[in-house]
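The listed protein sequences correspond, in order, to chains C and X.
First residue of the first sequence? That's 1191 in the working numbering, and the numbers climb one at a time after it.
First residue of the second sequence? That's 76 in the working numbering, and the numbers climb one at a time after it.
Report on the structure given below.
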Amino acid sequence: MEAILGNQVMFILFSAMIVMFSILTVTSRRILRAATFLLFVLLSTAGLYFMLNYQFLAAVQITLYAGGIVVLIIFSILLTSHIDHKFDRVPAQKLIMGVIAAGSGIALSLTTLLTYNFVPANQEPISVDMNTIGKSLLNYGDHGFVLPFEVISVLLLAAIVAAVVIAKRKKI
Amino acid sequence: MEFNIYDFTSFTKWIDESLNAAMSPFWVMITEMAIIGVAILAFYALVGLFLVYAERKVCAFMQNRVGPNRVGPFGIFQTIADLLKLLMKELVYIKNADKLLFNIAPFIVITASFLAIAAIPFARGLHAIDFNIGIFYVVAVSSLGVIGILLAGWSSNSKYSLIGAMRSGAQIVSYELSVGLSLITMVVLAGSMQLSTIVEAQANGWFIFTGHVPAVIAFVIFLIASTAETNRGPFDLAEAESELTAGFHTEYSGIRFAFFFLAEYMNMFIVASIAATVFWGGWMPFHVPGWEGFNTVMDYIPPFIWYIGKTAVIIFILMLFKWTFPRLRIDQLLTLEWKYLLPINLFNVVLMAFIVLMGWHW
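Have a look at this one:
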């Protein structure tokens, strides 16, 4: 019972952090602060994955999103933006429309989640280690992911080629 | 309770059981987290203080000087005096800085190194968290430190800081690749990412001996790349004091500056620990298969001493790097990584996979 309490405390802590920093990310008027708040959102999400004992996904979340994408965002802000720069206040009409859109989204997902009849899983928690992930990633049978894996590599190749083309444009 | 210096498993189990007898599981968890936190914090501070002292002594040794020698015997209390001085210094506030980010940045840097230290195996049974993706976890959390450096550089609203942060960002992001790939080479050899399994697998010979040539190449690349990742000389152009005053932490003073300083030394310690664990067997004593007498003698040395000894040797090598080589330019730095280390590394992974598949490793 009390172990569940501990889990719940951690879950509430992480989800409160996610909600709070998500709101701060979109409301902050300084761009680098917004990026920092986004970093905290992503780290709290990684915390949730750690709670689920899915350490691989948590580490991927930290490496790719926090260590990769946020660093990229911060880097581009460093190159382009000045510290005094602040976004203008959002006009009232846009603000109201945005709040309505976000609110209806929340209402829709909440009604779906609360009305759905979740069945508690009575399965033993499975530990997902690297061997399992690696084997299913390169498996073409059932529960195999080799096709998406290869398709994503084509996408990455396209992205690399595009980056080279954009970087080279002036010299042609 | 039996306290065994060769195996801490029974000791930690004894703590767990006596706590369980005293209170409910929820509070046991909280107390254990607090104990581990305080223990690691104390270890962190002590090692940090010692490393600063060691750096000065090694620097003095390289430059044929004496080094700190007034405060205490051989000057060992010098860093404690420095720490007290830093604690009492005024925290200078920058008028046009982004105050929030300016204050957060040192904490991000220090938290990243703190997260990494939790996953390091210190001795048999003395291991705070043993994930099945241990190495990946360490690489992941140590990549967070660069965010603190970038934020510090930008929020200071100073040209020197910004240039330092940009250099540091380019450098760390590039060299992370080499660190990761050289560790992957060793993961291929070990067949596991769990740090405890990796240490156990080296009972009959450390990986640097059993992994033949690719292990040695990976070790050398790891040393170079991790020196760069920790912003240490000869790759210290993020804080190049002769060009940028102090790079990204130019505007920091007092204890906030001390945080950056401490985190830098702790990152060096973590890097050395990982190198010792993955290449030199961590706390595993030096064993030669077949030499029973020799192995028994080696087993008498406690695992913790082995671990500290190996880490200290690697730290000494890293310090020799700093005081031997001149600083690289930014273009030389990026050329070294992208044109030399990365291709060698990629080839090395394939070579290691080939050796493992042929069963040539012992």
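We put the CB at the ideal spot given by N, CA and C, even for glycine.
Predicted model only: the values in this text are computed from it and were never measured.
Excluding residues up to 5 positions away in sequence, I430, W435, H436 lie with their Cβ nearer than 8 Å to the Cβ of H287 of chain X in the same chain. Interface criterion met: the Cβ of T1253 of chain C is under 7 Å from a Cβ in chain X.
Counting only runs of at least 4 residues, the stretch 286-328 of chain X fully encloses the following alpha helix (DSSP H) elements, listed from N- to C-terminal order: 287-304, 316-319.
For V221 of chain X, the residues of chain C that pass the 7 Å Cβ criterion are V1261, in the order they occur in the chain.
Along the stretch 1216-1239 of chain C, going in chain order, the ones with a CB nearer than 7 Å to a CB of chain X are R1220, L1222, R1223, T1226, L1229.
Straight across, the Cα-Cα distance linking L1304 of chain C with F422 of chain X is about 53 Å. Of all residues in the stretch 206-238 of chain X, only F206, N207, I208, F211, Y212, V214, A215, V216, S218, L219, V221, I222, L225, L226, G228, W229, S230, N232, L237 come within less than 8 Å of chain C when Cβ atoms are compared, listed by chain position. Against chain C, the CB of F422 of chain X has no partner CB under 7 Å away; the residue lies outside that interface.
Pairing G220 of chain X with A194 of chain X, the inter-Cα distance amounts to about 16 Å. Counting only residues of its own chain and dropping the five nearest sequence neighbours on each side, L1328 of chain C has a CB closer than 6 Å to the CB of V1336. In the DSSP assignment, K234 of chain X falls within the unbroken alpha helix (DSSP H) covering 234-265. Between the stretch 396-410 of chain X and the stretch 227-239 of chain X, the count of Cβ pairs shorter than 8 Å is below three; the stretches do not touch. Within the stretch 190-231 of chain X, the complete alpha helix (DSSP H) segments at least 4 residues long are 209-217, 220-230, listed from N- to C-terminus.
For M104 of chain X, the nearest beta carbon of chain C is closer than 7 Å to its own beta carbon.
Annotation for R402 of chain X: G308, P309, D311, L312, A315 place their beta carbon closer than 7 Å to its own, counting only its chain and skipping 5 residues before and after.
Counting only Cβ-Cβ distances below 9 Å, M1320 of chain C has contacts in chain X at N207, I208, F211, V262, S267, M268, Q269, in chain order.
Contact check between the stretch 1287-1294 of chain C and the stretch 1242-1257 of chain C: fewer than three CB pairs, one atom from each, fall below 8 Å, which does not count as touching. Residues are counted here when their Cβ sits less than 7 Å from a Cβ of chain X; for the stretch 1258-1286 of chain C these are V1260, V1261, I1264, F1265, L1268, I1273, given in chain order.
Rounded to the nearest angstrom, the gap between the Cα atoms of L1346 of chain C and L426 of chain X is 25 Å.
G123 of chain X: member of the alpha helix (DSSP H) spanning 100-137, first to last residue. C-alpha of M341 of chain X to C-alpha of L409 of chain X: approximately 25 Å in a straight line.
Contact with chain C is absent for G434 of chain X, since none of that chain's Cβ atoms lies less than 7 Å from the residue's Cβ.
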